[in-house]
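Taking it in order: structure first as structure tokens, then the write-up.
There are 2 protein chains.
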Amino acid sequence: MIEGDKFNHSFTVSQNVYSGFIDVFNDRNPLHTDSNWATANGFKGKVMHGNILNGFISFFVGECLPVKNVIIYTQHIRFSQPVYLDDALDFSAEITGVFESVNTYEFKFTFRNKEEKRVAYGTIQIGLLT
Amino acid sequence: MIEGDKFNHSFTVSQNVYSGFIDVFNDRNPLHTDSNWATANGFKGKVMHGNILNGFISFFVGECLPVKNVIIYTQHIRFSQPVYLDDALDFSAEITGVFESVNTYEFKFTFRNKEEKRVAYGTIQIGLLT
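Chains as they are written, first to last, in our numbering: chain A, 6 to 135; chain B, 6 to 135.
So, in structure tokens, the structure goes:
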């Protein structure tokens, strides 16, 4: 892995992902579970939990890199647009920093929806276990 | 909610949470699923996914605050110590900034394990829907 390496993956916030996230973490805030409440607050429908996207990042780091000996050090995410049920998101990430002396890699990432709106973006730092 | 307000909650990375997270997000990296691999890399056992803690943060914001009209803007987390299966974590958060003109609140949070080691910490910014 070298600076400039790019990665892409598609993630869908399916009914299974949405229901499963609620089953595991019990966040039933009305923004996420009550369509009427969400639309009364100006959204198109129930807004998906932002931390579902952090779960997708777990999959990216754990399963989509060319190496398996990885561990996440830090994660920073900004949620810039709402994500709705069944939204398909294009995830892209790029290695923006390599700190070889400490086996650390920095990625910048973006999630875009099918309207090409950037719904979330941020930074991940991972270490390689040696 | 005012600056200095403090919140506490206990979360346990139970077998149900761990298995449920894997079912939803499919991150089966050996660090998280192969005890032998994890111990060979210097850990006491399988290391829990850091993003399980981000799911706990979803619950905190959505369910533990005195108001329900909340949405997460940004989240920053640093993972400083490994978390293992069945670890009970003490989560504490404090409001460290209130930006009334934009209805935004900043929290600093910490997760500690039963050995009182800080396993993760960071910052959350939320907005109030008006």
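Note that beta-carbon positions come from the ideal geometry of N, C-alpha and C, so glycine has one too.
Note to self: I need the straight-line Cα distance from Thr128(A) to Asn41(A), nearest angstrom please.
What the structure shows: 34 Å
Notebook entry, point to check: Pairing CB atoms from the stretch 58-69 of chain B with CB atoms from the stretch 32-50 of chain A, are three or more of them under 8 Å?
Noted result: yes
Notebook entry, point to check: Considering only C-alpha positions, which residue in the set Leu94(B), Asp95(B), Leu90(B), Asn56(B) is nearest to Gln80(B)?
Noted result: Asn56(B)
Check: With a cut-off of 9 Å, does the C-beta of Pro71(A) fall near any C-beta of chain B?
Finding: no
Margin query: Which residues in chain B have a C-beta closer than 8 Å to the C-beta of Phe61(A)? List them in chain order.
Written below: Phe30
Check: Counting contacts by CB-CB distance shorter than 9 Å, is Gln86(B) in contact with chain A?
Finding: no
Notebook entry, point to check: Using the C-alpha atoms, what's the distance from Ala45(B) back to Leu134(A)?
Noted result: 10 Å
Notebook entry, point to check: With 9 Å set as the bound, which would you pick, yes or no: does the beta-carbon of Gly102(B) sit closer than that to a beta-carbon of chain A?
Noted result: no
Checklist line | chain B contact residues for Asn34(A), given Cβ-Cβ distances below 8 Å | finding: Val66, Gly67, Glu68, Lys73, Val75
Checklist line | Unbroken beta strand (DSSP E) run spanning Asn13(A), endpoints | finding: 11-17
Next item on the list: Please decide whether Thr79(A) counts as near chain B, where near means a Cβ-Cβ distance under 9 Å.
Entry: yes
Notebook entry, point to check: Nearest chain B C-beta to Gly25(A) closer than 9 Å, yes or no?
Noted result: yes
Next item on the list: Please report the Cβ distance between Pro71(B) and Met6(B), rounded to the nearest whole angstrom; I am assuming they are in contact, meaning their Cβ atoms lie under 8 Å.
Entry: 7 Å
Item checked: Segments of 4+ residues assigned as alpha helix (DSSP H) that fall wholly inside the stretch 22-82 of chain B -> 35-38, 40-45, 55-68
Note to self: Tell me which residue opens and which closes the beta strand (DSSP E) that Asp95(B) is part of.
What the structure shows: 93-104
Next item on the list: Just the chain A side, please: which residues come within less than 7 Å of Leu134(B) by C-beta, in chain order?
Entry: Asn46
Next item on the list: Check Gln130(A) in the structure and name its three-state DSSP category.
Entry: strand
Margin query: Residues in the same chain with beta-carbon distance under 7 Å from Cys69(A), minus the five sequence neighbours each way, listed in chain order, please.
Written below: Phe12, His14
Notebook entry, point to check: Would you report the Cα separation of Asp91(A) and Lys119(B), rounded to the nearest angstrom?
Noted result: 39 Å
Check: Which of helix, strand or coil does DSSP assign to Val124(A)?
Finding: strand
Next item on the list: Sort Arg123(A), His37(A), Ser85(A) by Cα distance to Asn74(B) and report the nearest one.
Entry: His37(A)
Notebook entry, point to check: What are the residues that DSSP puts in a beta bridge with Glu8(B)?
Noted result: Partner(s): none; Glu8(B) has no beta bridge.
Note to self: Between Asp28(B), Lys51(B), Phe26(B), Gln20(B), which has its C-alpha nearest Ile89(B)'s C-alpha?
What the structure shows: A small fix is needed here, since residue 89(B) is Tyr in this sequence, not Ile. That would be Lys51(B), whose Cα lies nearest to the Cα of Tyr89(B).
Margin query: Can you check whether the C-beta of Arg83(B) is within less than 9 Å of a C-beta belonging to chain A?
Written below: yes
Checklist line | Contact with chain A by Pro21(B), beta-carbon distance below 9 Å | finding: Before going on, a small fix: residue 21(B) reads as Asn here, not Pro. Yes, Asn21(B) counts as interfacial toward chain A.
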